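K.L.:
With the sequence shown counted from 1, adding 91 to any position gets you my numbering.
In this text, a Cβ means the ideal position worked out from N, Cα and C, and glycines have one as well.
Note that the structure is a prediction, hence the values are computed from the model and not measured.
Take a look at this one; I'll ask things after.
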Amino acid sequence: MLLLLLSACNTTPQKETKANKPLKGEFAFLLQYNGKLPEDVGFLTNHIVERRLANILKDRFQDFMAGTQCGKPIVVDGSTIHSVYVDCNNDTLEVRRVDIDVADDVVWVSIISPERIEGFTDDNTVPVPDR
């Protein structure tokens, strides 16, 4: 009986797996923004996010940013951050999205209008998250 009690007290630290390991990387701080408005936390003007968007969008960067005046609350789903922007006067006209996978360090940008959907990413090997 004493041996059983002593063995129960002998706990060894578990190895960290991908499932229980805290996420790290340049986007990890974004995980705390769930439910917050992008303009309240400076989501698009943060130098890390802004740099990645500029590298992905290249000559479309300024046009994309001009359409991000009205942001919806940020949604954090596991290790993925979703940020959606609509036209301030007509939210059915055009939608702009930024999706960031913190675990895989991938950014996707979408411009969705009634006529077409344009997608941009810095890693075509990782599928766009569902949302």
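Assign T216 to one of three DSSP states: helix, strand, or coil.
P.N.:
Stepping through the sequence shown from its first residue, residue 216 is reached at position 125. Three-state result, T216: coil.
K.L.:
Check each candidate in E141, K127, V186 and name the one with the smallest Cα separation from P205.
P.N.:
The sequence position of residue 205 within the sequence shown is 114, counting from 1. Cα-wise, what sits closest to P205 is V186.
K.L.:
Could you check what DSSP says for F134 in three-state terms: helix, strand or coil?
P.N.:
Along the sequence shown, one-based indexing puts residue 134 at 43. In the structure shown, F134 sits in coil (DSSP, three-state: anything other than H, G, I, E or B).
K.L.:
My parser needs the beta strand (DSSP E) runs of 3 or more residues fully inside the stretch 125-210; what are they?
P.N.:
If we require 3 residues or more, the beta strand (DSSP E) runs fully inside the stretch 125-210 come out as 166-168, 171-177, 186-192, 197-203.
K.L.:
So, helix, strand or coil for D221, using DSSP?
P.N.:
Here residue 221 is taken as the residue at index 130 of the sequence shown, counted from 1. Residue state, collapsed to three classes: coil.
K.L.:
Would you grab the beta carbon distance between V217 and D192 for me? Rounded to a whole angstrom, and I think it's under 8 Å.
P.N.:
Here residue 217 is taken as the residue at index 126 of the sequence shown, counted from 1. Here residue 192 is taken as the residue at index 101 of the sequence shown, counted from 1. Confirmed, about 7 Å.
K.L.:
Give me the residue from R151, L121, K127 with the minimum Cα distance to I139.
P.N.:
For the purposes of this step, residue 139 is taken as residue 48 along the sequence shown, with counting starting at 1. Ranking the options by Cα distance to I139, first place goes to L121.
K.L.:
Our contact map puts F211 next to I147 with C-beta atoms below 8 Å; I'd like the distance itself, whole angstroms only.
P.N.:
Taking the sequence shown and counting its residues from 1, one reaches residue 211 at position 120. Taking the sequence shown and counting its residues from 1, one reaches residue 147 at position 56. With 8 Å as the limit, F211 and I147 qualify as a contact, their Cβ atoms being about 5 Å apart.
K.L.:
Please identify the residue among N180, D221, R188, C161 whose C-alpha is closest to the C-alpha of E257.
P.N.:
Lying outside 92 to 222, the shown extent of the chain, residue 257 is not represented and no answer is given.
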